[in-house]
Each structure stands twice: as C-alpha cells, then as structure tokens.
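S.K.: In the numbering used here, the protein residues as written are 2 to 360.
From the three backbone atoms N, C-alpha and C, an ideal C-beta is built for every residue, glycine too.
Please find one structure pasted underneath; my questions will follow.
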C-alpha cells in the first residue's frame, strides 16, 4: 500500500511520444486515484539541461523520458529509457545515468550491464521496467494541448511539438484498445511490418520477409502480410509492399485477426508489438524474448507463445494455431487479462512509484 502523501511528479517534454505516451497515460491515470500532482514541464532545470545536452548523447533523447519526483522533504530525478539497445553504446545516456536516482530500462539485460564497467558502476540505479506501446491517456486532450506548445530544449521547437501532437492524436486510448477485442475476426493472420532502410535493418527485414514468404505458401490462409514504407521497395521485397496504414487503422485491422505474430525489433529489442498484441487480447506466436526476461517471462503461457527463433517455425505454428480454436480462445483471454492486471500503463507506473516511494 502506497502511503497517501502528496506526491508531485514532473515530466520534462523532450522526446517522441511513441515512446513516452504509454508512461504519460499511466502517470496521469494513477495520479487521479492518489494524492499525486502530475505535471508536464516545458522548461528544463539547469542541472538537467546540462546533462541532457551532452553532445555524445543528445541523439538518444527521442526514446528517453526524464522525470522529477518530489515528496515531503525529498526530491530526485529518474528516467525511463525505451532505447532499442541494451548495451552501453547507443543504449544508455551516460550523463543522465550518472545524475538520476533510478534509470528504468525497457530493454534491460543484466548480462550487458555487468559486462561493461561504466554500467556496472551504476547497476543499482538501472532497473527493469515493463515495455511500452503508443497509447493515448484518458486525459489525452490536455496532454496533447500541452505537448503541442514549444517546450524543453535541446530537442524541441514548434515543428517538433506539432509533430508530437499529431502522433498522439493518431493513437487509440486504452478504452478504445479494449473495445477492439470484441471486433469480428475477418483475417486469419495480419502481419504487416515497417520496412526500414539501411544496413543495420537488413537482418530484421530479412527475418520478417521469411515469415511472410512461409505464410504465403499456405494458400488457404486468409492473411494480410507485407511491408509498409514511404519509399518504393525493390527486388524481392517489392511484391510485398503494402499501402502505409495510420496507426488507428493498423490496430483495428490487427484486432480483427485470429492470430498475432510477435517478432523482436532492432538489436533484439522488445518491440511495440508486444504491448499492442496483449492490449488487443490476441493469441500470440512469437520469437523468444532476449531482454527483461526475469520480469516478463514469468507469466502463464509465455513459454509457448515466445518460444521460436526460426522464421519458418513461427509461420507454421501460426497456421497450426488457426486450427485450434479452443487454444486461441484460452490464450486470448489470458493475454487480455494479463494486460489489464499487469501490463496496463497505470499498473506499470504504480509499480514504479512503489519503488520511488521506498526512498
């Protein structure tokens, strides 16, 4: 039980809402039910500005959410890091790590932390946090209005602010996501992935291509598969290019499928698909989880839903599950319940605040 003391939590508006919206929704919803003021600040305190403005790390801020906790006679900074990488280089904002009380990491990997002396020194500061996906909070109108104003340097200007507001407006609220669970199923499998350019994305694109190719072999399966891209795809990827879908349309189409496929993101990260599939209450056939395993894998049916690492095996198991309606029903109900009870924004944030209040 969290003591009913007045808490003030300030979020500093610097990052991409695809990474922050989940946690902002959680803090806003949690604050309504507790003695907590949740504030979105548009200006950075001098000490935080100095830390965030480090030339070597400013490119990482798009996926890092900085906060300040104030309660009674104590005040300290903490952050939530949703960067893809679990290693030091490209995966941690070191100046911020050196100043915060807690550094919550979505792609937490204890092995990578202990293998690097710079991270090992801060091992007690780095803590795992459950993964996010883009969600609008119930108080989204106020949040969108605040985030659409020019705010905290070093990243924000009016153009970036308006872009963030547009991103937030494209998201579904938690209530809307839950309502999609009741939509009539009209696809067997929906597996549409963004195609990212660049050599570092080649392996991820190839793995997803192999899944799509294997699914297409099953001509009796009603599947919507393909790559979405702002650029015209070439070579073997060209026949699989599909029209870009706004996030709302993507999620409602995904909700109408009978089986959800999960694959890891770049650098083996936990992708947004994880939270999206659970929020929609879909049965999952997925790739194994590499990061944050101790916090994630201790749940019903996870050993079978996140067990495969060959693209063809994932596709074949998804097709097999189509012929097991009772199993799909069991997995879907379990996943929906798990999201509501353990993975929803306010629940995740509540667990963070319990730790913060122990200070």
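#1: Does residue 27 come out as helix, strand or coil in the three-state DSSP assignment?
#2: Quick check on this structure: which residue in 292, 24, 100 has the alpha carbon closest to the alpha carbon of residue 64?
#3: Is it the case that the Cβ atoms of residue 80 and residue 101 are separated by a distance below 8 Å?
#4: For residue 28, tell me which candidate among 205, 345, 92 has the shortest Cα-Cα distance.
#5: Please classify residue 198: is it buried, with 16 or more other beta-carbons within 10 angstroms of its beta-carbon, or exposed?
#6: Which one of 262, 292, 253, 275 has the shortest CA to CA distance from residue 268?
#7: By how many angstroms is the C-alpha of residue 84 removed from the C-alpha of residue 3?
#8: Using 8 Å as the threshold, is the C-beta distance between residue 15 and residue 37 below it?
#9: How would you label residue 49, buried or exposed, when you count the other beta carbons within 10 angstroms and need 16 or more for buried?
#10: Take residue 224 as the anchor and find which of 117, 82, 320 has the nearest alpha-carbon.
#11: For residue 86, count neighbouring C-beta atoms within 10 Å of its own C-beta (all shown protein chains included) and say buried if the count is 16 or more, exposed if not.
#12: Using a Cβ-Cβ cut-off of 7 Å (strictly less than) and excluding sequence neighbours within five positions of residue 172, which residues of its own chain qualify?
#13: Going by beta carbon distance, what residues of the same chain come within less than 6 Å of residue 262, once the five residues before and after it are set aside?
#14: Spatial neighbours of residue 242 within its chain, please: CB distance less than 8 Å, with the 5 preceding and 5 following residues excluded, ordered by chain position.
#15: What separation, rounded to the nearest whole angstrom, lies between the Cα atoms of residue 250 and residue 277?
#16: What are the start and end residues of each continuous alpha helix (DSSP H) run of 4 or more residues lying completely inside the region 42 to 94, in chain order?
#17: Which value, in whole angstroms, describes the spacing of the CA atoms of residue 350 and residue 95?
#18: By how many angstroms is the C-alpha of residue 164 removed from the C-alpha of residue 154?
#19: Give me the Cβ distance between residue 97 and residue 123, rounded to the nearest whole Å; I'm assuming they're in contact under 8 Å.
#20: Would residue 295 be called buried (16 or more neighbouring beta carbons within 10 Å of its own) or exposed?
#21: What is the rounded straight-line gap between the Cα of residue 5 and the Cα of residue 73?
#22: Select from 66, 103, 118, 128 the residue whose C-alpha is nearest the C-alpha of residue 110.
#23: Going straight from the alpha carbon of residue 119 to that of residue 90, what length do you get?
#24: So what does residue 9 bridge to, in DSSP terms?
#25: To the nearest angstrom, how far is the alpha carbon of residue 211 from that of residue 313?
#26: Could you give the residue range of the beta strand (DSSP E) that holds residue 259?
#27: Could you pull the DSSP bridge partners for residue 224 from this structure?
#28: How many Å lie between residue 332 and residue 303 at the Cα?
#29: Using only alpha-carbon positions, find the residue among 179, 244, 215, 328 that is nearest to residue 194.
#30: State the beta-bridge partners of residue 205 as determined by DSSP.
#31: Could you spell out the range, first to last residue, of the alpha helix (DSSP H) harbouring residue 237?
#32: Mark residue 92 as exposed unless 16 or more other C-beta atoms lie within 10 angstroms of its C-beta, in which case mark it buried.
#33: Determine whether the beta carbon atoms of residue 46 and residue 275 lie at a separation below 8 Å.
#34: Looking at the structure shown, is residue 196 part of a helix, part of a strand, or coil, going by DSSP?
#35: Should residue 355 be labelled buried (16 or more other beta-carbon atoms within 10 Å of its own) or exposed?
#36: Can you tell me whether residue 272 is buried or exposed, with buried defined as 16 or more other CB within 10 angstroms of its CB?
M.R.: Answer, in terms of the structure:
#1: Numbered from 1 along the chain shown, position 26 holds the residue referred to as residue 27. Residue 27 falls in the helix class under three-state DSSP.
#2: Here residue 64 refers to the residue found at position 63 of the chain shown. Taking only the C-alpha atoms, the option nearest residue 64 is 24.
#3: Stepping through the chain shown from its first residue, residue 80 is reached at position 79. Stepping through the chain shown from its first residue, residue 101 is reached at position 100. A contact, by the Cβ cut-off of 8 Å.
#4: Position 27 of the chain shown, counting from 1, holds the residue named residue 28. When each option's Cα is compared against that of residue 28, the closest is 345.
#5: One-based indexing of the chain shown puts residue 198 at position 197. Its Cβ having fewer than 16 others within 10 Å, residue 198 is exposed.
#6: By 1-based counting over the chain shown, the position of residue 268 is 267. Checking every option, the nearest Cα to that of residue 268 belongs to 292.
#7: Position 2 of the chain shown, counting from 1, holds the residue named residue 3. Position 83 of the chain shown, counting from 1, holds the residue named residue 84. Residue placement at residue 3 is flagged as unreliable, the pLDDT there being 46, under the threshold of 50; a coordinate-derived value is accordingly withheld.
#8: Within the chain shown, residue 15 is the residue found at index 14, counting from 1. Within the chain shown, residue 37 is the residue found at index 36, counting from 1. Against a cut-off of 8 Å, the Cβ pair of residue 37 and residue 15 comes out as no contact.
#9: The residue labelled residue 49 in the question sits at position 48 within the chain shown. Counting Cβ neighbours within 10 Å, residue 49 comes out buried, since at least 16 surround it.
#10: Translated into positions along the chain shown, residue 224 becomes position 223. Minimum Cα distance to residue 224 is reached at 320.
#11: As a first step, residue 86 is located in the chain shown; it is residue number 85 there, counting from the start. With 16 or more Cβ atoms within 10 Å of its Cβ, residue 86 is classed as buried.
#12: The residue labelled residue 172 in the question sits at position 171 within the chain shown. Once the five neighbours on either side are set aside, the close Cβ partners of residue 172 are 22, 135, 136, 137, 248.
#13: As a first step, residue 262 is located in the chain shown; it is residue number 261 there, counting from the start. The residues are 192, 286, 319.
#14: Along the chain shown, read from residue 1 onward, the residue named residue 242 stands at position 241. 196, 227, 228, 229, 230, 233, 234, listed in sequence order.
#15: If you number the chain shown from 1, residue 250 lands on position 249. If you number the chain shown from 1, residue 277 lands on position 276. For residue 250 and residue 277, the distance between alpha carbons rounds to 13 Å.
#16: 47 to 53
#17: To locate residue 350, count along the chain shown from 1; it is residue 349. To locate residue 95, count along the chain shown from 1; it is residue 94. Answer to the nearest angstrom: the Cα atoms are 23 Å apart.
#18: Your numbering for residue 154 matches position 153 in the chain shown. Your numbering for residue 164 matches position 163 in the chain shown. Reliability of the predicted coordinates at residue 154 is poor, the pLDDT of 47 falling under 50, and the value obtained from them is presented with this limitation in mind. Using only the alpha carbons, I get a separation of about 16 Å.
#19: For the purposes of this step, residue 97 is taken as residue 96 along the chain shown, with counting starting at 1. For the purposes of this step, residue 123 is taken as residue 122 along the chain shown, with counting starting at 1. Contact flag wrong, Cβ pair sits at about 11 Å.
#20: Mapped onto the chain shown, residue 295 falls at position 294. Per the 10 Å Cβ criterion, exposed.
#21: Position 4 of the chain shown, counted from the first residue, corresponds to residue 5. Position 72 of the chain shown, counted from the first residue, corresponds to residue 73. Here the model assigns residue 5 a pLDDT of 49, short of 50, so the residue's position is not dependable, and the following value carries that caveat. About 11 Å.
#22: Residue numbering aside, residue 110 sits at position 109 when the chain shown is read from its first letter. The shortest C-alpha separation from residue 110 is found at 128.
#23: Taking the chain shown and counting its residues from 1, one reaches residue 119 at position 118. Taking the chain shown and counting its residues from 1, one reaches residue 90 at position 89. Between residue 119 and residue 90, the C-alpha separation is close to 10 Å.
#24: Here residue 9 corresponds to residue number 8 of the chain shown, with the count starting at 1. The partner list for residue 9 (beta bridge, DSSP) reads 38, 71.
#25: As a first step, residue 211 is located in the chain shown; it is residue number 210 there, counting from the start. As a first step, residue 313 is located in the chain shown; it is residue number 312 there, counting from the start. Answer to the nearest angstrom: the Cα atoms are 7 Å apart.
#26: If you number the chain shown from 1, residue 259 lands on position 258. Start and end: 258 to 263.
#27: Within the chain shown, residue 224 is the residue found at index 223, counting from 1. Answer by DSSP bridge pairing, in chain order: 190.
#28: One-based indexing of the chain shown puts residue 332 at position 331. One-based indexing of the chain shown puts residue 303 at position 302. Near 10 Å, if we compare the C-alpha coordinates of residue 303 and residue 332.
#29: Taking the chain shown and counting its residues from 1, one reaches residue 194 at position 193. Here the closest residue by C-alpha is 244.
#30: As a working note, residue 205 is residue 204 in the chain shown. In the DSSP output, where bridge partners are listed per residue, residue 205 has none listed.
#31: Taking the chain shown and counting its residues from 1, the one referred to as residue 237 is at position 236. Counting along the chain, residue 237 falls outside any alpha helix (DSSP H), and DSSP gives it neither H nor E.
#32: Position 91 of the chain shown, counting from 1, holds the residue named residue 92. Per the 10 Å Cβ criterion, buried.
#33: Your numbering for residue 46 matches position 45 in the chain shown. Your numbering for residue 275 matches position 274 in the chain shown. No.
#34: Locating residue 196 in the chain shown gives position 195, where the first residue counts as 1. If DSSP states are grouped into helix, strand and coil, residue 196 belongs with coil.
#35: Within the chain shown, the letter at position 354 stands for residue 355. So residue 355 counts as exposed.
#36: Locating residue 272 in the chain shown gives position 271, where the first residue counts as 1. Under this definition residue 272 is a buried residue.
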